[in-house]
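If you read the sequence shown in this note's numbering, its first letter stands for residue 16, the second for the next number, and so on.
Cβ coordinates follow ideal geometry from the N, Cα and C atoms, glycine included.
All remarks here apply to the structure that follows.
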Amino acid sequence: MTPASAVLSTLDATNEWQEELYVHLHQNPELSMQETETAAEITRRLESFGYAVQQIGGGVVGVMENGPGPTVLFRADMDALPVAETTGLPYASTKTGVDADGNTVPIMHACGHDMHVTAGLGAAELLSQHSDQWAGTYIALFQPGEETAAGAQAMVDDGLLDKVPTPDVALAQHVLTVPESGKVGTAAGPILSTGACIRVKVWGKGSHGSMPHLGVDPVLLAAAIVQRLQGIVSREIAPSQFGVVTVGSLQAGFKANIIPDSATLLLNVRAYDLEVRKVLLAAIERIVKAECEASGSPKPPEIELYESYPLTDNDEVVSDHVTDAFRAYFGEDRVEHLAPIPASEDFSNIPSAWGIPYTFWGFGGFTPGMTVLPNHNPGFAPALQPSLRTGTEAAVVAVLAYLGKAA
């Protein structure tokens with residue numbers, strides 16, 4: 016029996032409390048950097064498993080030292096989103112909270128982080144119960160604030176690198192719409208795009224709607240910017256490269272017959288290449304400033320970069336090693352190649368701070384016949400099983416690819 020098979024031989028018992036915990040977490044989501052109750056639950060459970068536990072930067076880290084050997088970090092994120100749930104589940108969230116701007120908002124685990132936490136805790140328990148099957152140091156890290164790109168850096172800034180052993184490798188996973196539930200998907204190289212949000216405020220000169228010649232119309236200015244931005248990807252990025260520029264919000268004025276004095280645009284960019292990202296950001300700044308000048312804007316625009324996500328670029332050696340371990344445990348038919356996904360993660364800020372290699376994989380959340388809805392959709396409801404079981408298995412198998420004792 017391999018170490019993975021031995022450790023997972025008691026998964027059925029772990030799954031029993033995992034399902035209850037998943038329901039609890041789903042019903043009690045918390046917004047980014049506000050995950051106090053979730054962190055307390057994680058802390059309590061890790062301590063009961065025998066881990067040395069610390070709360071760092073809003074997150075939780077449990078360390079189990081088990082003799083000489085490599086050090087492996089496995090990360091799960093734990094925050095939810097300001098989304099009103101429409102899943103119809105008997106355990107659907109009805110919670111509300113206050114966001115960073117002071118607004119009362121609904122909260123939902125619309126990205127599956129409740130499943131990530133539950134799988135991570137299951138793996139932590141199983142590894143603690145079967146310490147005879149592995150050697151080295153295991154770091155179970157539960158990260159806050161992934162949805163705002165704040166959590167990973169918050170943990171680093173709070174001294175993560177000095178407070179826990181330096182890992183040899185870092186691992187992470189995400190429940191996704193593909194592959195189907197019960198399978199995992201892996202890939203080497205860029206797997207999640209770099210991303211960033213940009214807040215642009217442009218200035219006009221207020222006037223009566225009937226007297227536009229006496230003002231400078233920021234709505235017309237903003238509209239010109241929106242139209243011109245669409246030429247960046249189509250005309251400044253090579254067809255063989257990937258880039259996205261999205262205007263997700265344009266806000267100006269409050270009344271039909273008043274020309275306002277400003278307009279605010281919220282933009283989002285994505286790329287699989289950091290040089291492409293630089294091109295996108297530089298082009299946005301150039302276009303905004305040029306359109307302001309062309310419109311006679313009375314003062315320069317305000318351009319603010321926020322929620323900046325790094326590129327998730329899986330190390331080839333680590334990815335191949337973990338993929339081989341998955342194939343040995345799951346079988347070839349349950350391990351698929353995962354195509355790059357134009358979504359973003361801040362996980363890589365943690366291994367990058369140490370300068371260590373990492374890999375990030377996906378596991379399926381939807382069984383055949385289910386209506387598949389994307390992450391962040393208010394109806395996002397992965398199948399509890401076999402998704403949770405597969406996520407727990409994948410975490411254990413990947414960790415034991417490095418820590419498992421030779422047969």
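Excluding sequence positions up to five away, which residues of its chain have a Cβ less than 8 Å from the Cβ of residue i?
i           : result
residue 61  : 68, 75, 77, 136, 139, 155
residue 114 : 46, 97, 120
residue 235 : 310
residue 169 : 48, 72, 73, 74, 159, 160
With respect to the beta strand (DSSP E) encompassing residue i, which residues constitute its N-terminal and C-terminal limits?
i           : result
residue 264 : 258-266
residue 376 : 373-379
residue 356 : Note, residue 356: premise wrong, no beta strand (DSSP E); not H, not E.
residue 285 : 277-286
residue 113 : 111-113
residue 120 : 119-121
DSSP three-state label for residue i, please.
i           : result
residue 155 : strand
residue 185 : strand
residue 10  : This structure cannot speak to residue 10, because the chain is shown only from 16 to 422.
residue 211 : strand
residue 216 : strand
residue 106 : coil
residue 328 : strand
residue 334 : helix
residue 77  : strand
residue 255 : coil
residue 228 : helix
residue 406 : helix
residue 366 : helix
residue 273 : strand
residue 47  : coil
residue 320 : strand
Looking at the unbroken alpha helix (DSSP H) that takes in residue i, where does it start and where does it end?
i           : result
residue 294 : 289-310
residue 6   : Past the boundaries of the shown model lies residue 6; the chain is included only from 16 to 422, so the question cannot be answered.
residue 89  : Here residue 89 belongs to no alpha helix (DSSP H); instead the beta strand (DSSP E) covers 86-92.
residue 137 : 128-144
residue 83  : Run containing residue 83: none; DSSP gives neither H nor E here.
residue 387 : Here residue 387 belongs to no alpha helix (DSSP H), and DSSP marks it neither H nor E.
residue 171 : 166-172
Measure the C-alpha to C-alpha separation of residue i and residue j and round it to an integer number of angstroms.
i           : j           : result
residue 274 : residue 220 : 8 Å
residue 333 : residue 240 : 43 Å
residue 393 : residue 229 : 45 Å
residue 226 : residue 307 : 20 Å
residue 121 : residue 172 : 29 Å
residue 416 : residue 403 : 20 Å
residue 187 : residue 105 : 29 Å
residue 285 : residue 343 : 35 Å
residue 176 : residue 222 : 55 Å
residue 71  : residue 51  : 12 Å
residue 27  : residue 142 : 14 Å
residue 291 : residue 242 : 20 Å
residue 301 : residue 208 : 23 Å
residue 245 : residue 405 : 41 Å
residue 232 : residue 266 : 13 Å
residue 44  : residue 319 : 29 Å
residue 129 : residue 278 : 37 Å
residue 388 : residue 353 : 18 Å
residue 382 : residue 270 : 49 Å
residue 65  : residue 166 : 25 Å
residue 94  : residue 272 : 42 Å
residue 23  : residue 293 : 45 Å
residue 263 : residue 248 : 16 Å
residue 80  : residue 364 : 24 Å
residue 118 : residue 110 : 14 Å
residue 152 : residue 89  : 11 Å
residue 30  : residue 407 : 9 Å
residue 59  : residue 53  : 10 Å
residue 256 : residue 297 : 17 Å
residue 397 : residue 37  : 12 Å
Cutting at 7 Å between CB atoms, please list the residues of its own chain near residue i, excluding the five before and the five after it.
i           : result
residue 371 : 182, 183, 184, 185
residue 420 : 18, 148, 149, 150
residue 323 : 164, 211
residue 321 : 212, 214
Contact defined as beta carbons within less than 8 Å: I believe residue i pairs with residue j. What is the distance between those atoms, to the nearest angstrom?
i           : j           : result
residue 134 : residue 98  : Rounded, the Cβ-Cβ distance is 21 Å, inconsistent with contact.
residue 375 : residue 360 : 7 Å
residue 380 : residue 192 : 7 Å
residue 413 : residue 337 : 5 Å
residue 401 : residue 268 : Wrong, their Cβ atoms sit about 51 Å apart, outside the cutoff.
residue 331 : residue 203 : 4 Å
residue 409 : residue 362 : Actually they are not in contact, since the Cβ atoms of residue 409 and residue 362 sit about 15 Å apart, beyond 8 Å.
residue 378 : residue 87  : In fact, because the Cβ distance is near 18 Å, the residues do not count as touching under 8 Å.
Excluding the 5 residues preceding and the 5 following residue i in the sequence, name in chain order all residues of the same chain whose CB lies nearer than 6 Å to its CB.
i           : result
residue 317 : 216
residue 304 : none
residue 91  : 131, 132, 135, 157
residue 357 : 208, 285
Output yes if chain B places a C-beta closer than 8 Å to the C-beta of residue i; else output no.
i           : result
residue 281 : No chain B appears in the structure shown, which is made up of a single protein chain.
Any chance the CB of residue i is under 7 Å from a heavy atom of the ligand HEM?
i           : result
residue 139 : Ligands are entirely absent from the displayed structure, and the ligand HEM is therefore not among its contents.
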